[in-house]
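Residue numbers (the working numbering): 1 to 375.
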């Protein structure tokens, strides 16, 4: 008998009411099957042995507490056989989309940025939970599912969310995304999820497996990460994204941003990446490559992602120059230039962070406020 966590909102489901169709993958424990329950597609997550029961109970407990559009929904559980009944992700995992040997869908820079933003939103929600932050500990593309024709991302696999022994035992395949303080046995916080997010950002931009060049066992990757090795920086990557990414995978957790800051920064950046709600296109659906609609990230070329941010950075620089000119103009006419100067100082203080959106907002909203000619 599975003990139902107090206060949860899911159902006790009779296994006889489920029509199991086919195995579709594996989770932290057991096999995942596609099934039909109450006329809708669902995923059934089973356990294969009593040794996996603890991870099962952890996932049941954690999923019963959460309700967020970027976290997979738990419908209920069965007692015999023991299993979870969850939301089904028809597009599979982000990992399979990125690296499957099958014909791969093309995706745009907007899709890549949107997936990372949605992941950050879901994790920020977990980290803000009371009375204690919920740490996922196993963020990686295999645990990020896609729905709505590839445009919506859902975080799954919470079997290790509190059980670190299970995490280290069952998740050797997570080494490429694992924060060093976790496998080093140090005290760690929710910042370990921030580290993993930074690696995921690199992965969706490059469409390459992190640390694939190292080869060997998971311990080889852990040793390399411990010694400071990180994925290579991406050529022509706009500085705001590179800065955010490298801050996230800093060796010192205290130097990493919070997931709330990551979410806010990505939200600002998304203004320059329209079209993220466009359904993914399979290769045979894509337009001629000369039209520029094919995915730059699917080929490892970052030019399509660089272009909108390059224009944004140019706008930032232009606006900054205009503000300096306004300061000179104001001073020449005996007017107060303290406000634009304060903005320049503020920008200097934020230079290590993403600044896109700051200047155009401040400048356009306040220009008439601080530029008033003499009556």
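All C-beta atoms, glycine included, are put in the ideal place defined by N, C-alpha and C.
DSSP beta-bridge partners of residue i
i, result
"residue 138", "Paired residue(s): none; residue 138 is not in a bridge."
"residue 37", "18 and 40"
"residue 78", "83"
"residue 260", "Beta-bridge pairing links residue 260 to no other residue."
"residue 106", "281"
"residue 93", "145"
"residue 12", "77"
"residue 32", "25 and 45"
"residue 199", "BP columns for residue 199 are empty, so no partner."
"residue 155", "71 and 144"
7 angstroms Cβ shell around residue i - same chain, five flanking residues per side excluded
i, result
"residue 30", "45, 46, 47, 48 and 52"
"residue 135", "161, 190, 192 and 193"
"residue 99", "209"
Three-way DSSP call (helix, strand, coil) for residue i in this model
i, result
"residue 46", "strand"
"residue 233", "coil"
"residue 86", "strand"
"residue 225", "helix"
"residue 68", "coil"
"residue 186", "coil"
"residue 150", "coil"
"residue 23", "strand"
"residue 214", "coil"
"residue 252", "coil"
"residue 133", "coil"
"residue 179", "coil"
"residue 207", "coil"
Sequence-distant residues of the same chain with beta carbon closer than 6 angstroms to residue i, five excluded per side
i, result
"residue 110", "273, 275 and 276"
"residue 262", "120"
"residue 224", "214"
Within 7 angstroms, strictly: CB atoms of residue i and residue j
i, j, result
"residue 36", "residue 24", "no"
"residue 133", "residue 184", "no"
"residue 42", "residue 85", "yes"
"residue 58", "residue 115", "no"
"residue 11", "residue 76", "yes"
Own chain partners of residue i with C-beta closer than 8 angstroms, once the 5 adjacent residues on each side are dropped
i, result
"residue 70", "118, 119, 121, 122, 125, 152, 153, 154 and 155"
"residue 17", "37 and 38"
"residue 19", "35, 36 and 37"
Any C-beta of chain D under 7 angstroms from that of residue i
i, result
"residue 273", "Here there is only one protein chain, and chain D is not present."
Heavy atom of the ligand COA within 6 angstroms of residue i beta-carbon
i, result
"residue 232", "In the structure on display, the ligand COA does not appear, and there are no ligands present to speak of."
Stretch pair the region 80-91 + the region 148-156: three plus CB contacts closer than 8 angstroms = Counting Cβ pairs under 8 angstroms, three or more are found: they touch.
ask   = Does the pairing of the region 219-236 with the region 140-152 give three or more beta-carbon distances under 8 angstroms?
value = No: fewer than three Cβ pairs fall under 8 angstroms.
query = Three or more beta-carbon pairs under 8 angstroms between the region 200-218 and the region 130-141, yes or no?
reply = Yes: the two stretches touch, three or more of their Cβ pairs being nearer than 8 angstroms.
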